[in-house]
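Using UniProt numbering, the first residue of the sequence shown is number 1, and each one after it goes up by one.
For every residue, glycine included, the Cβ atom is placed at its ideal position computed from N, Cα and C.
Predicted model, so just to flag it, every value in this text is computed and none were measured.
Below is one structure, written out as structure tokens; the observations come after it.
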Amino acid sequence: MKYFTSTMYITCVIFSLASLVLFQPGYGKDFTELKEANFDDVVNGSSFVFVIFYARWNERSVEALKTLEQVSEEMDKSGVILAKVNAYDEVKLATRFWVDRWPIFKFFIKGSVTPETYRGGMKLDDFLGFIKATSDMRADPSVFNQAIIELDNSNFERVIHNKKKNVFVLFYAKWCNSCKDLINTLGKVGKNFQNERDCVIAKIDGDANYDVAVQQEVPYYPSIRVYTIKNKDGYLYHPGKYQENWSEQNITKFLNLQCKTKRTVMGRLDDTAGRLKDFETLVKMFMDNSFKRPEILNEALSLRNNHAESSAEIYVKIMQQVLKDGTEYLTTELNRIERLMLAAIHPDKADELQRRRNILNEFAVLHHEKDEL
């Protein structure tokens, strides 16, 4: 018995050492070892990348690595990168990509740096078939121009895990009458937010994509899950007990809070869009004291040069025009903008004019208050 136990122990040690040697970083010329230092250089959207997150001591990881070594030898290498991450050592990468077990497989299609999860089999033909079928796919950024995006198994993760987007997803079923009403409402909301590039509205048929609905823990239909820039795990949106809480107005208000936007149910920006608190005091000083306006303009120029918001430039230009043409410029320019906004104009232009009108009103209100005094 002692001899048997010793033999088993020695065998296990040899197997472990062999695994450590066989799968040490850099093994396999066509199997790239990724670390935090080089990950973003390799996964940059230029190629299809298939990544295994593994642990050396995990038996399933060892078997998967062996199979992927075979894949690297047999697959067509053009435009395809096969890579591995030691998730046990590269803790930051493991955390970044939600690795909570081993092995986990992620892939990145061409034109995208958003991770998607491979959930297929672990045999040679499974990997080869998936890579062959998927490696020619290319991300289409124009999908985000749609008022409401239709999701399915093939693009769900790519949309919700986009790090620059707040994504609002309706899970529906075709037999659900409430879902039909909500889809119509979201269509209107989607048009209202179509000019907000970082605020995305989408829907997915939960019955047709049952595995996604289960994975996302959808309790009933309709259900809405929200995936913000800071929380890609997502959470359920509960509008309240009554049907009216699913209204266009309430959903618009909720999206404005999540996306830090200022949209109305008409799709236009509200009356505060573009206005900056940093300039409030300067505007008041500028309108209150006509003799100090050149000096205040210089302060505004200095503030603009260190300000991230593009609206800062509008404040400066208005002050410059008032110095040149007098306060009559405010009324003249507001009237001109009102006429332009009555015409059929591009949404980007409408937003630009609304911001300018809001800031002009900030000056004009102070001018009228002074006249009344």
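GLU328 and VAL322 have their C-alpha atoms spaced approximately 8 Å apart. Beta-bridge partners of CYS199 (DSSP): ASN166.
The C-beta distance from VAL200 to GLU248 rounds to 17 Å, too long to meet the 8 Å contact threshold. Ranked by how close their Cα comes to the Cα of MET319, the residues VAL265, GLU90, ALA300 have ALA300 in first place. Here the region 77 to 95 does not lie against the region 113 to 124, with fewer than 3 beta-carbon pairs under 8 Å apart.
Comparing alpha-carbon positions, the option among LEU65, ALA273, ASN177 lying closest to ASN86 turns out to be LEU65. Within its own chain, the residues whose Cβ lies closer than 6 Å to the Cβ of ASP270, once the five positions on either side in sequence are excluded, are LYS262, THR264, listed in chain order. Counting along the chain, the unbroken alpha helix (DSSP H) around TYR315 starts and ends at 311 to 325. With fewer than 16 other CB atoms across the displayed protein chains lying within 10 angstroms of its CB, GLY79 is exposed. Annotation for ASN86: the continuous beta strand (DSSP E) segment containing it runs 80 to 86.
Exposed is the label assigned to PHE291, since fewer than 16 other Cβ atoms lie within 10 Å of its Cβ. Take the alpha-carbon of CYS179 and the one of ASN231: they are about 25 Å apart. The way I'd put it, the region 276 to 290 doesn't touch the region 205 to 222; fewer than three beta-carbon pairs between them come closer than 8 Å. The closest CA to that of ARG355, considering only ASP89, LYS164, ARG275, ALA139, is found on ARG275.
When DSSP states are grouped into helix, strand and coil, PHE363 belongs to the helix group. Rounded to whole angstroms, GLU59 and GLU352 show a C-alpha spacing of 59 Å.
For ILE149, the uninterrupted beta strand (DSSP E) segment begins and ends at 149 to 151. Residue pairing by DSSP places TYR54 opposite ASN86 in a beta bridge.
Taking C-beta atoms as the reference points, PHE156 and ARG197 fail to come closer than 8 Å. Following the DSSP letters along the chain, one finds THR252 inside the alpha helix (DSSP H) bounded by residues 248 to 259.
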